[in-house]
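Presented below is the structure to which this report refers.
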Amino acid sequence: MKKGVLISLFIIIFLVTAFLFRTKITRLFFSPSAPQGELGINVFNLAANRTPDTNQTPNAKPGADQAVTDIEIIAKNLLIPWEIGFLPTGEMLVTERAGNLLKIGANKTVIKIQGVEHVGEGGLQGMALHPDFKNNNFIYLYLTTRTKDGLINRVERYRLTGDTLTDKKIIIDNIPGAQYHDGGRIEFGPDSKLYVTTGDATKSDKAQDPNFLGGKILRLNDDGSIPSDNPNPTSLIYSLGHRNPQGLAWDESGQLWATEHGRSGALSGLDELNIIEPNQNYGWPTIQGDQTKPGLTTPVVHSGSDVTWAPGDAIYLNGSIFFTGLRGEAIYQYQIETKKFFTHFYRDFGRLRAIVIGPDGFIYVSTSNTDGRGESKTEDDKIIAINPEIFN
619 MKKGVLISLF
629 IIIFLVTAFL
639 FRTKITRLFF
649 SPSAPQGELG
659 INVFNLAANR
669 TPDTNQTPNA
679 KPGADQAVTD
689 IEIIAKNLLI
699 PWEIGFLPTG
709 EMLVTERAGN
719 LLKIGANKTV
729 IKIQGVEHVG
739 EGGLQGMALH
749 PDFKNNNFIY
759 LYLTTRTKDG
769 LINRVERYRL
779 TGDTLTDKKI
789 IIDNIPGAQY
799 HDGGRIEFGP
809 DSKLYVTTGD
819 ATKSDKAQDP
829 NFLGGKILRL
839 NDDGSIPSDN
849 PNPTSLIYSL
859 GHRNPQGLAW
869 DESGQLWATE
879 HGRSGALSGL
889 DELNIIEPNQ
899 NYGWPTIQGD
909 QTKPGLTTPV
919 VHSGSDVTWA
929 PGDAIYLNGS
939 IFFTGLRGEA
949 IYQYQIETKK
959 FFTHFYRDFG
969 RLRAIVIGPD
979 GFIYVSTSNT
989 DGRGESKTED
999 DKIIAINPEI
1009 FN
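Take 619 as the starting number for the sequence shown in the working numbering and just add one per residue.
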C-alpha cells in the first residue's frame, strides 16, 4: 500500500515538473518579490538589469525543456502589440494597433496617438527611433488613418520628451491603405535612411505600378525627402513587386533582408524571405515561390504551398536571419552560410509578430493572439524575452 502511494506521489511530482518546463513558466511566477505593474511588468529598466545566462544548456527544439531563466514574460494583458523598441534609458516602447504607444519601465504610461483608424490589419503599426534620438528625441510611427477618400497609411514623426509627444510632422502621406495588406514596418538602415514596407492594399496588380506606393519597400531621408542615391532620384521606391512585406533586417555585411506574406485564403502559403536589392522587382503577383521570369527576383527561401508562416518582423543574429510567424506560430531561423532552416517554439506562445534585440542582447518577441485570428491565452498579449543562447 505504502509503495503504491509513493509511486503515485512520484508520478504526480514528475508530471507537475514536466508541465512547468513544457509551458516555459518564467521567473514571473517563481519570484514573489518581483515588481509588477498593471501590465505584469517583471523587471525594472527591463534590458538594463539582465544579461544572458551562458551557463544554461541551450536547446531550441519545440517542446524541449528550457531553464526558467532563459525565458521571461516582460509584459502581459496587451492588445495587439505591433512593434517593440527601447529608449536609451532601457525603458521599452510598444505600439498597440488600436492607437496606443506604451512606455514600459517601473510603471506603464499609455500615450494615445490621435487619428489612428484601427480597422482590419490597419492601425498603429511600425515604430522607429531616429539614429540620433539621444539628441533630437525623434520617434517615427507608421499608422492607418481615414480621409474623405478612404483609408490611407502614413509615417508621422514626433519628439518624445518624457511621456509627451510634440512637434508632429507627416513624413510621408497617402500610402494606399485598406482593411488588409497595409505593410507597416519602418526601420532605419545602417545608412541612416528610413526604410518603409507597404502592402498592396489588396490591389495586387498595383504592386507592379511604379506610380503606386503600395506593394513596395520605400527609402527616404529622415525628413521624408527622397535620397539622391535612390534607384530613381525622383521616387521613394527602393524595390517593388511586393504583396505585404512586414519584416526588415540587415546582416553584418549591410545586406537588407525582408519577410513577405504570400497568398492567403484557400491557396495560402508561399511566404517569402528575400534579399532586397535596389530597383529589383520581387514578382508579385506575376510569379510566386520557385516560379521565374526574366527581370523578376525569386525569394531566397519560401514556405512552400502547403505551409504558411505569415511572417512578421525579422532580426539578424550570429549569421542567421530570425523572423516570427503569425499563422505559423513560431520563430524561424535561416542560417545564411549553411542555408539551413529551423523552426523554434512551434505553437508554444501562439501567434508571434514583433522581434527585436534588446540592449541587453536578449531577443524580445510579442504575441498577437488578441487580433481575432488566434487563440487568446491567459493574460495575452505578451512581450517575452528569450536568451539568445537557446538558439546555439
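For each residue, glycine too, the CB sits at the ideal point set by N, CA and C. Just so we're clear, the structure is a prediction, and the values are computed from it rather than from any experiment.
Simplified DSSP assignment, three categories, for residue i
i     : result
P1006 : helix
N754  : helix
D841  : coil
S822  : helix
A884  : helix
D908  : coil
D889  : coil
D931  : strand
D781  : coil
D688  : helix
D800  : coil
V737  : coil
V918  : coil
D791  : strand
E895  : coil
I954  : coil
W868  : strand
T707  : coil
R764  : strand
R971  : strand
N673  : Because the pLDDT at N673 is just 35, under 50, the model does not fix this residue reliably, and the point stays unresolved.
R775  : strand
Backbone CA spacing between residue i and residue j [nearest angstrom]
i     : j     : result
V560  : I975  : The shown model of the chain, from 619 to 1010, leaves out residue 560, and the question about it has no answer.
A1003 : I689  : 6 Å
G568  : A819  : Residue coverage of the chain in this structure runs from 619 to 1010, which leaves residue 568 outside it and unanswerable.
L638  : I933  : With a pLDDT of 40 at L638, under the threshold of 50, the predicted position of this residue should be treated as unreliable, though the coordinate-derived value follows. Each residue's Cα considered, the two are about 29 Å apart.
F830  : H860  : 12 Å
R945  : Q953  : 22 Å
D931  : P849  : 25 Å
D800  : N1010 : 34 Å
A948  : Q873  : 24 Å
S986  : V814  : 21 Å
T988  : R969  : 9 Å
E955  : T782  : 45 Å
G780  : S822  : 42 Å
P903  : A724  : 47 Å
R777  : L914  : 40 Å
M710  : I894  : 29 Å
Y760  : Y982  : 20 Å
D785  : T762  : 19 Å
Residue from the options with nearest C-alpha to residue i
i     : options                   : result
I598  : G717, T707, M710 and D688 : Here the chain covers residues 619 to 1010 and nothing more, so residue 598 does not appear.
F941  : Y964, I973 and G922       : I973
V734  : E714, G723 and K721       : E714
G901  : S921, E878 and S886       : E878
L866  : R772, N892 and T916       : N892
R881  : N848, S938, N936 and G817 : G817
R764  : I790, S846, H736 and D924 : H736
F959  : G740, G913, Y950 and G943 : Y950
I804  : Q743, G922, E993 and L769 : Q743
G740  : N753, N771 and V728       : N771
N936  : E870, G922, G768 and I793 : E870
I729  : D823, N753, K752 and I757 : I757
I789  : E774, S938, W927 and V919 : E774
P1006 : T926, Q797 and F980       : F980
Per DSSP, the bridge partner or partners of residue i
i    : result
H962 : I949
I698 : None; I698 has no bridge partner.
D730 : One point to set straight first is that residue 730 is Lys, not Asp, in the sequence displayed. DSSP output for K730 lists N718 as bridge partner(s).
K995 : Looking at the DSSP assignment, K995 forms no beta bridge with any residue, so it has no partner.
L747 : I757
S938 : L935 and Q953
Would you call the region 989 to 1003 and the region 687 to 699 in contact, with 3 or more CB pairs under 8 Å?
The region 989 to 1003 vs the region 687 to 699: in contact.
Are the region 699 to 708 and the region 744 to 754 touching, with three or more C-beta to C-beta distances below 8 Å?
Cβ pair count under 8 Å is three or more, so yes.
Per the contact definition of three or more C-beta pairs closer than 8 Å, is the region 839 to 853 in contact with the region 906 to 920?
With the cut-off at 8 Å, the region 906 to 920 and the region 839 to 853 do not touch.
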